[in-house]
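Novice: Before I ask anything, let me first share the structure, which is written out below as structure tokens.
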Amino acid sequence: MIVFVCIFFLALFVLSLYLSKNALYAPAVIVSGLWSVCLLAFILMDHKLNDPNGAFLIGISIWVGTFCFFSLFAQSLKFNTPFRNAMPSKIARDIYFYFSLATLPFLVISVHEIISSGFIQNPFNTLRIENVKGTTAVFFVVFWMISYVLELYNLSAKNRGRVLLMFVLNLFYAVISLGKTNFLTLFAVTLIILLHKKLIKAKVAFLGAALLFLVFIFIQILRSNAGESLDLNSFIAMYFLSGVPAFETVTPHSNVYFGENTFRFFYAVRYELGLSSIKPVNPVLPFINVPILTNTYTVLYPYYKDFGFAGIAVFGSFAGYVYGWMFRKLQLKDYYFTTIYAILSVGLLVQFMNETIFTLFSQNLQYVIIALIPFVISKYHLFEKKTAGA
């Protein structure tokens, strides 16, 4: 059955690529392509993982099918584009840039916090552990990334220095955290902007992806304890495939409260405001042996656990439409949605690990609001000096 599902995904990939005019960064192309590669690897590799049964194959077929359909549907519609061809406020860009530089000491403080925690066994593994716990710099990451995207989109001879500085700042954060998602975010945002502006070709994007994969392997080597050997098959199985058999262990409709996994953000807000005594569920999921030890359950986890296959269909349709809507705005030269899509599209690339739309809703909301401010200032001519007689 897995072979037929894989063929279905490959057919969706070809169709999505055609309807998206060969845009590799279109949402339907990313999702169908990602899961095609994932299933192909599961079929062809000696991964030693438990084989998936009907639950996962049915669930992922529903997810990819509904996501691609509604994404392509949204891409076919006409939308109002309030920020079409609009440029972000130069004042706001300057503020974001200099604010990012001013917060650089907090990145240094984070390094100090990590070092102070101890380098008893493996300093590189300590970096990763402390990053998971959280450091002082995390609050400013949103500004750093948005400032980088705004400068990159306006790349010219005049601001190359700014682009380089912001790239280095984001790269430095990824390095000290040793978080693969941080590297992936910087990589994906850069490629999407450059592909969209036709500054690079698809061949360069594939070479970049290969380089990123090598970086991931290097990071894993650094984080491995002394004496541990790195097997390529085990590496791929652990980080890209283990969520498939892990999902098989999830029981549908096993939530205690309505949508507690899907709508964790709203439970957390109500709990923090004292409006509810219900604590939000822990976003760090329990480890399970499949037989590789993992705590990733794919993007399907919260929807399936709360609402079963129906939840996968509903939220697959919702996610597909939202991403398709953002991509359509990008196609219509809405600069604001280009910025947002480039950043949030990273969530599509980590679906084999976890769900990010609702799990990271707070951070996603910060991106949406902070990126919007420069365009609102520009659109309504805020903080501009009025000429005499105006």
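Here my numbering is used: the first residue of the sequence shown is 3, the next is one more, and so on.
Heads up, the beta-carbon is just placed ideally off N, CA and C, and yes, glycines get one too.
(1) Check the C-beta distance from alanine 341 over to tyrosine 155 and give it rounded, since I have them as a contact under 8 Å.
(2) Quick check on histidine 255: buried or exposed, where buried means 16 or more other Cβ atoms within 10 Å of its Cβ?
(3) Here's the rule I'm using: 16 or more other beta-carbon atoms within 10 Å means buried, otherwise exposed. How should serine 22 be labelled?
(4) With a 10 Å radius around its C-beta and 16 neighbouring C-beta atoms as the bar for buried, classify valine 5 as buried or exposed.
(5) Measure the alpha-carbon distance for glutamate 132 versus glycine 181 and round it to whole angstroms.
(6) What does a CB cutoff of less than 7 Å around phenylalanine 58 pick up in its chain, not counting 5 residues either side in sequence?
(7) Leaving out five residues on either side along the sequence, give the residues of the same chain with a beta carbon under 7 Å from the beta carbon of serine 149.
(8) Quick one: residues in its chain with C-beta nearer than 8 Å to the C-beta of leucine 243, no 5 flanking neighbours on either side, listed in chain order?
(9) Using DSSP with H/G/I as helix, E/B as strand and the rest coil, what is isoleucine 290?
(10) Valine 143 and glutamate 153: beta carbons closer than 7 Å?
(11) Put aspartate 96 into one of helix, strand or coil per three-state DSSP.
(12) So for threonine 341, helix, strand or coil by DSSP?
(13) Relative to the C-alpha of phenylalanine 317, which residue among Ile379, Val301, Ser158 and Leu106 is closest?
(14) Which value, in whole angstroms, describes the spacing of the CA atoms of tryptophan 327 and proline 54?
(15) Three or more C-beta pairs under 8 Å: does that hold for the region 258–275 against the region 67–76?
(16) Please list, in chain order, all residues of the same chain as alanine 25 whose beta carbon is under 7 Å from its beta carbon, the five residues on each side excluded.
(17) Name the one or two DSSP bridge partners that aspartate 336 has.
(18) DSSP puts leucine 295 in a beta bridge; with which residues?
(19) What residue range is occupied by the uninterrupted alpha helix (DSSP H) comprising proline 376?
(20) Tell me which same chain residues have a C-beta within less than 8 Å of the C-beta of isoleucine 238, skipping the five on either side of it?
(21) Note down, in chain order, each residue of its chain lying with its Cβ closer than 6 Å to the Cβ of threonine 187, except the 5 sequence neighbours on either side.
(22) For methionine 89, collect the residues of the same chain with a Cβ closer than 7 Å to its Cβ; drop the 5 residues on either side in sequence, then sort them by chain order.
(23) Can you have a look at leucine 367 and say buried or exposed, based on whether 16 or more other CB atoms are within 10 angstroms of its CB?
(24) Just the Cα atoms here: how many angstroms apart are isoleucine 195 and serine 158?
(25) Using only the alpha-carbon positions, how far apart do alanine 228 and leucine 332 sit?
(26) By how many angstroms is the C-alpha of leucine 197 removed from the C-alpha of tyrosine 325?
(27) What separation, rounded to the nearest whole angstrom, lies between the Cα atoms of isoleucine 280 and phenylalanine 311?
(28) Is it buried or exposed for valine 286, if we count other Cβ within 10 angstroms and need 16 for buried?
(29) What's the C-alpha gap between lysine 199 and leucine 295?
(30) Restricting to Cα atoms, I'd like to know which of Phe189, Cys70, Ile60 and Tyr27 is closest to alanine 13.
(31) To the nearest whole angstrom, what separates the beta carbons of tyrosine 323 and phenylalanine 72, a pair I think is in contact under 8 Å?
(32) Can you tell me where the alpha helix (DSSP H) holding histidine 198 begins and where it ends?
(33) Relative to the C-alpha of valine 352, which residue among Phe15, Asn184 and Glu262 is closest?
(34) Can you tell me whether aspartate 96 is buried or exposed? The criterion is at least 16 other CB atoms within 10 Å of its CB, across all chains shown.
(35) Give a yes or no on whether the C-beta atoms belonging to valine 66 and valine 33 are separated by under 7 Å.
Specialist: Short version:
(1) Looking at the sequence provided, one finds threonine at residue 341 rather than alanine. That pair is a contact at about 7 Å.
(2) exposed
(3) Taking a 10 Å sphere around the C-beta of serine 22, we find 16 or more other C-beta atoms and assign the residue as buried.
(4) Valine 5 should be labelled exposed.
(5) Caution is warranted here: a pLDDT of 39 is assigned to glutamate 132, below 50, making its placement in the model unreliable, and the coordinate value is therefore given only provisionally. Answer to the nearest angstrom: the Cα atoms are 10 Å apart.
(6) Val246, Phe249 and Glu250
(7) Tyr98, Phe99, Ser102 and Met168
(8) Cys40, Ala43, Phe44, Met47, His49, Leu51 and Phe354
(9) DSSP places isoleucine 290 in the strand class (E or B) of the three-state scheme.
(10) With contacts defined by Cβ atoms closer than 7 Å, valine 143 and glutamate 153 do not form a contacting pair.
(11) In the structure shown, aspartate 96 falls within a helical segment according to DSSP collapsed to helix, strand and coil.
(12) helix
(13) Of the candidates Ile379, Val301, Ser158 and Leu106, the one whose C-alpha sits nearest the C-alpha of phenylalanine 317 is Val301.
(14) If you take the alpha carbons of tryptophan 327 and proline 54, they lie about 33 Å apart.
(15) no
(16) Val31
(17) Arg86
(18) Its beta-bridge partners are Asn291.
(19) 363–381
(20) Ala43, Met47 and His49
(21) Val348
(22) Tyr337 and Ser380
(23) exposed
(24) 14 Å
(25) Summary for alanine 228: the model assigns pLDDT 46, below 50, so the residue's position carries little reliability, and this model does not support an answer.
(26) 18 Å
(27) 26 Å
(28) exposed
(29) 41 Å
(30) Residue Cys70 is the option with its Cα nearest to alanine 13.
(31) 4 Å
(32) 182–198
(33) Asn184
(34) exposed
(35) yes
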